[in-house]
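Numbered according to the numbering used here, the sequence shown spans residues 133 to 422.
We put the CB at the ideal spot given by N, CA and C, even for glycine.
This structure is a prediction, so every number in the text was calculated from the model and none was measured.
Step one of this worksheet: look at the structure below.
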Amino acid sequence: MPRPQILTAACLMALMTPAYAQFSGRNALEHTRTLVSFGPRPPGSPGMKKAQAYIVKHLKEQGWQVREDDFTARTPAGPMAMKNIVAMRAGASGKAVAITGHYDTKIFPFPFVGANDGGSSAGFLLEMARALKDVPLKNTVYLVFFDGEEAVREWTAEDSLYGSRRLAAQWQKDRTLSTLTALINVDMIGDRDLRILREQYSSDSLMRLIWSVARQLGLSQHFSGPALAIEDDHVPFLRLGVRAANLIDFDYGPDHSWWHTKEDTLDKLSPDSFEVVGRVLIEVLKRLDE
């Protein structure tokens with residue numbers, strides 16, 4: 133009897149049809165375009181300062197509580213000024229979720245604008261701030277823009293993830309970590325040929341939820357990348373016992389040839405890719421709210 137199955141599917145789709153503003157991939161791409169227009173955005177640079185002002189202004193316009201955390205990181209190149217930006221929308225459940233990403237670009241001797249690597253995650257979070265504004269959620273939601281994800285010289289445990297290591301330690305000290313039911317990090321999610329990989333450090337239960345939602349939304353083809361372990365801004369939180377996941381497409385260009393090169397430009401990105409990730413994560417947030 134197919135009719136009950138058809139009705140069940142129809143009911144499921146109705147439940148997933150929001151009565152609030154949906155995530156716009158075009159908006160996310162336009163935010164990314166603006167950030168890229170500021171030029172390279174390594175910590176403390178003129179481009180980074182412009183990006184910080186732009187991000188804070190937009191978050192406040194969307195009604196989020198914003199905390200700017202300025203700090204000095206010890207790097208192989210000496211002390212560097214960095215800033216994490218943490219936006220919060222308070223809920224009543226006593227629990228919290230965090231969507232995170234980095235907004236810095238790696239230091240190179242050439243003008244590296246990082247459209248996908250550093251740009252797409254920041255543009256995504258800015259649109260998420262708008263899209264979530266009227267979504268009825270009981271959990272507190274954090275949107276976190278990490279500075280200093282990139283290594284200043286070569287990737288090591290000490291020369292990488294400066295911003296996320298700092299916030300994880302802060303949240304452990306003030307007990308925010310004890311309220312977190314999930315942290316989802318996004319990185320390099322703007323690629324036209326989007327294939328999110330099954331990142332192996334990530335918490336399996338959270339990854340299963342994300343993949344299940346993608347399948348129910350008919351978006352599984354974009355969550356079909358290989359299994360690969362990648363150190364990213366979710367790792368400092370995993371080490372402290374937080375359930376965390378990393379959504380990343382680490383196959384950028386032929387043989388990954390656009391990553392960390394001058395070819396990481398806006399023409400490689402698609403609004404559809406932003407929208408895929410946005411739709412999935414908003415539904416995931418709703419499931420985590422249950």
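Check whether the Cβ atoms of residue i and residue j lie closer than 8 Å to each other.
i, j, result
"Gly280", "Pro175", "yes"
"Asp236", "Glu286", "no"
"Arg298", "Phe369", "no"
"His234", "Gly250", "yes"
"Lys400", "Trp391", "no"
"Val168", "Val245", "yes"
"Ala263", "Gln348", "no"
"Val345", "Val416", "yes"
"Leu360", "Arg419", "no"
"Ser352", "Glu259", "no"
"Leu269", "Leu309", "no"
"Leu338", "Ala376", "yes"
"Leu257", "Phe406", "no"
"Ala261", "Gln194", "yes"
"Tyr294", "Ala183", "no"
Just to confirm my understanding: we take residue i, look at its own chain, exclude 5 residues before and 5 after, and list those with CB closer than 7 Å. What are they?
i, result
"Lys192", "Val198"
"Glu200", "Val188, Lys215, Ile217"
"Met320", "Asn248, Asp249, Ser252, Ile380, Asp381, Phe382, Tyr384"
"Gln304", "Leu372"
"Ala300", "Pro368, Phe369, Leu372"
"Thr397", "Val245, Ala247"
"Thr166", "Tyr186"
Go through its chain and collect everything with a Cβ distance to residue i's Cβ below 6 Å, but skip five positions before and after it.
i, result
"Ala219", "Leu191, Trp196, Val198, Leu275"
"Asn378", "Asn317, Glu331, Ser334, Asp364, His366"
"Ser88", "There is simply no residue 88 to check, as the chain begins at 133 and stops at 422 in what is shown."
"Thr96", "The first residue shown for the chain is 133 and the last is 422, placing residue 96 beyond what the model contains."
"Asn159", "Glu259"
"Ser296", "Phe278, Asp365, Pro368"
"Ala222", "Thr272"
"Ser225", "Lys270, Asn271"
"Val284", "Thr207, Pro208, Ala209, Asp291"
"Met180", "Arg173"
"Pro424", "Residue 424 lies beyond the stretch modelled for the chain, which goes from 133 to 422, so this question has no answer here."
"Pro358", "Leu329"
"Phe170", "Gly179, Lys182, Ala183"
With DSSP as the reference, identify every bridge partner of residue i, one or two as the case may be.
i, result
"Arg330", "Ala359"
"Leu233", "For the record, residue 233 in the displayed sequence is Gly; it is not Leu. Looking at the DSSP assignment, Gly233 forms a beta bridge with Phe277."
"Ala213", "Thr204"
"Val218", "Arg199, Val276"
"Ala224", "Ala224 is not bridged to any residue."
"Ala401", "Here the sequence assigns Leu to residue 401, which means Ala is not the residue at that position. Answer is Asp323, bridged to Leu401."
Ordered along the chain, which non-local residues of its own chain (more than five positions away) have a Cβ less than 8 Å from that of residue i?
i, result
"Ala185", "none"
*asked:* Going residue by residue through the segment 249 to 327, where are the continuous beta strand (DSSP E) segments of at least 3 residues, counting only ones entirely within it?
replied: 272 to 278, 312 to 319
Below 8 Å, can you find three or more Cβ-Cβ pairs linking the segment 325 to 333 to the segment 301 to 313? no
Along the chain, which unbroken stretches of the alpha helix (DSSP H) at least 4 residues long are found entirely within the segment 348 to 397?
367 to 370
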